[in-house]
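Participant:
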């Protein structure tokens, strides 16, 4: 048994040795010769203990050493340590010998040991310092893998060793390994080697918070003087040997380097660049930054690219090797802490997978759970199996309908407290619980009423809160304090950065047991837990809802399992209304997505690549001076076409097209094998002449009868539709009737869905619905239905809300029944809207993503997910079992009944012919041929599926980006920022090339506008805030809606700028450029208030914004203001005002580095 010292580093009181179990004393190597009673009389011992110390007092047989390096299956101990946490088997340091401890207990001192102060980080720092000194004495030739391994007091993993060896050979390295597997160790070892050689390393991360975290960690290893930080907010020791920065900062530095006529001096004397989280290359909005860095980076600089597990790391390594230089790929699929997958329902926490971990646990199937919940035995005894009819058994075994599944799943959805209780009783805390909305995270904290902390832990939290409140009173999120004192907290973008850092610190110390977080927590922040809970497989994005990919799911799962602490990590997926264990396994086993190029041209890119001669302000007149040689368009094209997308296009597309061609050839050959001629040829060979003739004649007759059956079925459907249409038209003006929709899905499962009919798309007043119908071309389908009066007409589409809270769009084809009962279309009070209008407004309110369920030549059936607001309406749709046939209003015509009888008779005729064929003389041999044909058809189906995947893969390969580069160039040329023919860059272009932002040209136009000189510092800040407020929103669930109004001067300037913005947008549209030009005055008053000196408490009082949103807006504004004094050709007055405004605004609780 081991003791947790998670809080020792922060306790003010020492811990008595008597409080330690004897087993812990043995584990910690306190080998004392005193009897236990004497031990208890001693004063307390103050101990600081960490993961693993250099050497134990006494050697253990199980201790790993570098000599055991061949055994690659052993896991390394914790590298990315969590301060204050302890693993089993802590070893005491070498300096305090057994005799010293004994003397201190018996002798003159009353304390056994004042403090064991040598820590893992401190000892690692000493080793790094010693290695650096040795290199100074003996030369850098002594740096090898053994020297770097000696820095760590645990044996490193195989993939870490291979990566370091590749780096030492002078290669660039691409490392692809699971989340939390210790990739940072590779970068740290490279930094040790680089610092020891007296050279320089840049470490880049995609997030400021992650940069701050790495900055703190590297300072502990290399010392404060050797580590610097460079983000949009801060510049600390920027000339240090190890410089941590955000990825965009490095890209902008490379712009300066790549624009020079000669870059022989290298990029600021840097020798190594680490690109952490390089899988962000696939990020739609930011992925281009990583590609640009690789393209622009001088070839003499070594790259270390650290990526989570992706499907195509070989393509990434091949691309870097082709454009940058020798690159080695190191991959690892093994997690240092294995994961166990669970599934949580209202009543149980069960294994998600079977014993082998390859398929779903069959006890989680809907059929099995339904039988269990209804009290049926999973397996019938032999007697009851014989007594029940075959039809009954088939009915029991048939898959449930979609409506039945949704009803059952709804009953199995657990509350937050249900799943938490399951985790707590199984000792699976602490946990990171992913919920994909801020509101959901905050609500989950409120749901938990039980305290998860003991009294000591609660006291520690209260003390930590007291300290935070004393230092940063505005950083305390008062609405979360109660939850924090119960051991639970929310962590999302709506919280202040300081508060999020505080929650992270408490979680790492074991004082927060559950953190409810959005998915941003999965992106590299060091918050490992025993368990990761994923609340849903889908999340809401701007265009609607989207399902998680396997990459995203595994990224979140990677938070589970603390290396050196947990033997296993746990991942819990949760039952939802629309997602069960089947859907969870489908996502889990769907396979990793490949990295996809997101390379796009920006104004900054084009200006920095093409700019050459520039106009400088002379004393008398403008002078043309050559400062650098700009690239020609052809040179720029060669650079741009080095994108990852082009590499994939030139290699993967060739291979994919070749494979596609082979598949199509194979399908063509197989189709020949199953043709009527081939089957007839094989039949002649296998059968006698008489038997062959008999079967052939019967088969021809069977085909003719089947065609007739198909015609009769269509006639029956048309008669049914003809009967439905006038009835539906009659119902459109009255109440909203209940109905039953019927369809069979791709698996052949018949689904019956209860719904309430709103009406046809022709009469419903919904612009989004009409646009969707037009976009899907549902109003132009080439389908004609014979009505009862003999005239042809196109199918009508109707809209209904299902009892499963789904929208349905359908034709008469999919209606099974219509009932007398329904929602009265009557307003609740005079002046209120009608129910039909209310429900339609809910459909219009949401950006519904429509999915085709089934298709037919009589019109398709589409489905879209409802919202929380439609939920109450769907609950009032009765279950189908409560509606009887007497309630039906659908009565078919005599023609329909006759068509049904004809169809049944024809179907029986086909069945009799099949039986007759089966009794013929040569049927057994003929059946073998048919079975082989079916096998071939299944093979064709699989090949077509593979072909479809290949086609999708080819379509994902983006073009080079050269077209976008030319379009941006044309805008720059026309607006007179740069002459793309002479490469003369004008002042507007100089400013745009130097500024950072989403649309550099638009920002340059604004800051160069003379009207900005009339603004006071606070007003200037407000206008700058309007340029960077994209994505900031008013939160509708806030109980208040107050936002500070801007001054008249600010509004006037924004109105003038809006005219300029319209001109730029028109110019962009003319050339096909789609870069946003942000200008939003909604939040300018908030920025002006903060820049005018209002306190945080005053500005947030009754505010309709989340704290985190406002903080992010203010930080963006400060970042833009801080750039203005550094921009070329900017009026000094504007620069002074910008300095004044940014200095006033940059105060707590804004600072992300504070504390």
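Numbering (this note's numbering), first residue to last: 55 to 1209.
Even for Gly, the Cβ is constructed at its ideal location relative to N, Cα and C.
#1: For the alpha helix (DSSP H) that residue 417 lies in, which residues bound it at each end?
#2: Could you give the first and the last residue of the continuous beta strand (DSSP E) run that contains residue 226?
#3: Is the distance from the Cβ of residue 918 to the Cβ of residue 859 below 7 Å?
#4: Are residue 329 and residue 303 touching if we call contact CB-CB under 7 Å?
#5: Who are the Cβ neighbours of residue 323 in its own chain at under 6 Å, not counting the five residues just before and after it?
#6: Note down, in chain order, each residue of its chain lying with its Cβ closer than 6 Å to the Cβ of residue 972, except the 5 sequence neighbours on either side.
#7: For my contact list, residue 1047 and residue 655 are in at a C-beta cut-off of 8 Å; report their separation, rounded to the angstrom.
#8: Contact check, residue 813 vs residue 890 under 8 Å by CB: the rounded distance?
#9: Tell me which residue opens and which closes the alpha helix (DSSP H) that residue 242 is part of.
#10: Using the DSSP secondary-structure output, state which residues sit across from residue 904 in a beta bridge.
#11: For residue 1072, which of helix, strand or coil comes out of DSSP?
#12: To the nearest angstrom, report how far apart residue 1004 and residue 714 are at their CA atoms.
#13: Please state whether DSSP places residue 814 in a helix, a strand or coil.
#14: From the DSSP output, in three-state form, read off residue 1200 for me.
#15: Does the beta-carbon distance from residue 299 to residue 258 come in below 7 Å?
#16: How many Å lie between residue 1171 and residue 1057 at the Cα?
#17: Are the CB atoms of residue 1074 and residue 1191 nearer to each other than 7 Å?
#18: In terms of DSSP beta bridges, what is residue 284 paired with?
#19: Nearest-angstrom Cα distance between residue 1144 and residue 1153?
#20: Evaluate residue 1137 with the Cβ neighbour count: other Cβ atoms within 10 Å of its Cβ, from every protein chain shown; 16 or more gives buried, anything less gives exposed.
#21: Quick check on residue 925: buried or exposed, where buried means 16 or more other Cβ atoms within 10 Å of its Cβ?
#22: For residue 929, does the count of other Cβ atoms within 10 angstroms reach 16, so buried, or fall short, so exposed?
#23: Drop a sphere of 10 angstroms on the beta-carbon of residue 894, count the other beta-carbons inside from all chains shown, and report buried for 16 or more, exposed for fewer.
#24: Rounded to whole angstroms, what is the Cα-Cα separation between residue 527 and residue 195?
#25: How is residue 546 classed by DSSP in three states: helix, strand or coil?
#26: Use the C-beta contact count for residue 1112: other C-beta atoms within 10 angstroms, 16 or more gives buried, fewer gives exposed.
#27: My guess is that residue 793 and residue 772 are in contact by the Cβ rule of under 8 Å, so how many angstroms apart are they, rounded?
#28: Please classify residue 246 as buried or exposed, where buried requires at least 16 neighbouring CB atoms within 10 angstroms.
#29: I need the boundaries of the alpha helix (DSSP H) containing residue 665, first residue and last residue.
#30: Just reading off the beta strand (DSSP E) that residue 798 is part of, what are its end residues?
#31: Using a Cβ-Cβ cutoff of less than 6 Å, which residues in the same chain neighbour residue 260 once the five nearest sequence positions on both sides are dropped?
#32: Using 7 Å as the threshold, is the C-beta distance between residue 696 and residue 342 below it?
#33: Just the Cα atoms here: how many angstroms apart are residue 816 and residue 784?
#34: Using the Cβ count rule (16 or more neighbours within 10 Å means buried), how would you classify residue 347?
#35: For residue 607, which residues in the same chain have their Cβ closer than 8 Å to its Cβ, ignoring the five residues on either side in sequence?
#36: If you measure between the beta carbons of residue 1210 and residue 649, is that distance less than 7 Å?
Facilitator: So, to answer that:
#1: Per DSSP, residue 417 belongs to no alpha helix (DSSP H) and is neither H nor E.
#2: 226-230
#3: no
#4: no
#5: 254
#6: none
#7: Their Cβ separation, rounded to whole angstroms, is 14 Å, which puts residue 1047 and residue 655 out of contact at 8 Å.
#8: 7 Å
#9: 237-250
#10: 918
#11: helix
#12: 7 Å
#13: strand
#14: coil
#15: yes
#16: 12 Å
#17: yes
#18: 289 and 299
#19: 7 Å
#20: buried
#21: exposed
#22: exposed
#23: buried
#24: 53 Å
#25: coil
#26: exposed
#27: At roughly 20 Å, the Cβ-Cβ gap does not stay under 8 Å, so residue 793 and residue 772 are not in contact.
#28: buried
#29: First-last for residue 665: undefined, no H or E at that position.
#30: 790-798
#31: 301, 331 and 334
#32: no
#33: 14 Å
#34: buried
#35: 588, 591, 641 and 642
#36: As shown, the chain starts at 55 and ends at 1209. That puts residue 1210 outside it, with no answer to give.
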